[in-house]
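So the structure is just underneath, and the comments pick up after that.
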């Protein structure tokens with residue numbers, strides 16, 4: 007990008023230029039920089055499962071994860087991928103009629119299959135008109151060498167992101183949420199992918215059981231110094247019929263307040279390098295499944311509050327980032 011960012015602030019530093027009208031490096035800004043127009047993700051469910059559910063690594067899944075494998079807004083797995091793609095695209099086209107698309111394999115673990123199966127899924131979406139790339143959600147323990155080689159091939163011929171859930175760097179929390187891989191596994195996966203210059207988006211969750219404000223920021227600091235190119239900051243949602251409901255009833259979980267979360271997100275943005283692309287700053291949960299926090303249903307109110315807090319503080323992404 008041509009945006010001038012100062013990453014070593016001093017008391018008299020010059021205020022950086024903003025990313026459009028934002029004080030952080032937004033996904034929309036990056037898409038316009040890459041493609042010159044609006045690009046939106048088409049969320050898909052390719053019918054995969056997860057090694058944290060089927061017993062090959064663990065059972066039950068992450069305690070926060072819904073029965074749809076975090077793909078609650080993806081297409082229906084009862085439909086083939088092309089039907090899903092066209093259905094979701096049609097809905098979003100009503101808002102952005104001239105946009106391009108990235109096929110987002112969102113639900114469950116989307117490299118947990120043979121290369122032949124993955125090729126069948128990914129190539130059919132790349133063939134759809136207007137598709138400029140793929141975003142593939144997976145786990146760091148589901149990247150065998152032959153799959154990484156195929157991803158490297160994809161990366162040579164399309165705009166590719168691999169999205170992986172770190173959630174937290176704290177192993178005590180990892181055990182509570184049944185993540186079933188350690189942080190070292192995540193770092194090894196990052197190294198494997200970056201050898202092929204594959205873009206990585208790291209997912210973290212603020213509000214996990216028994217985590218303090220400083221513990222959450224420790225995770226942000228760790229991500230800031232990883233060789234990853236994007237981040238998704240999620241608010242923890244407690245949904246019905248998830249294992250975390252038992253933890254909530256046992257008093258292990260406290261919902262963050264809206265103002266608390268807004269300040270935490272701004273604290274996080276200040277610590278991130280300015281070139282890191284922020285794919286999202288809060289999450290979604292289906293209204294009929296959400297137990298709390300219920301204020302999260304007003305998504306635009308939350309996002310506007312984050313923008314307002316950034317302006318009040320006169321701060322921006324990277325203001326406190328010092329590099330490795």
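In our numbering, the protein residues as written are 7 to 330. Ideal Cβ placement from N, Cα and C applies to all residues, glycine included. Source: prediction; values computed, not measured.
Secondary structure note for residue 167: its beta strand (DSSP E) is the uninterrupted segment 165–173. Looking only at 272, 242, 307 and 208, the smallest Cα-Cα distance to residue 283 is reached by 208.
The beta strand (DSSP E) runs of length 3 or more contained entirely in the stretch 57–104 do not exist; there are none. For residue 232, there is no enclosing alpha helix (DSSP H), since its DSSP letter is neither H nor E. A residue is called buried when at least 16 other Cβ atoms come within 10 angstroms of its Cβ; residue 120 does not meet this threshold and is exposed.
Linking residue 100 to residue 305 through their CA atoms gives a straight-line distance of about 20 angstroms. Each residue's CA atom was taken as its position, placing residue 46 and residue 255 some 38 angstroms apart.
DSSP, reduced to helix, strand and coil, places residue 187 outside both helices and strands of the structure shown, so it counts as coil.
Less than 8 angstroms divides the Cβ of residue 196 from the Cβ of residue 234.
Here residue 296 is bridged, per DSSP, to 245. DSSP lists 169 as the bridge partner or partners of residue 143. By the Cβ neighbour-count rule, residue 133 is exposed, with fewer than 16 other Cβ atoms within 10 Å of its own.
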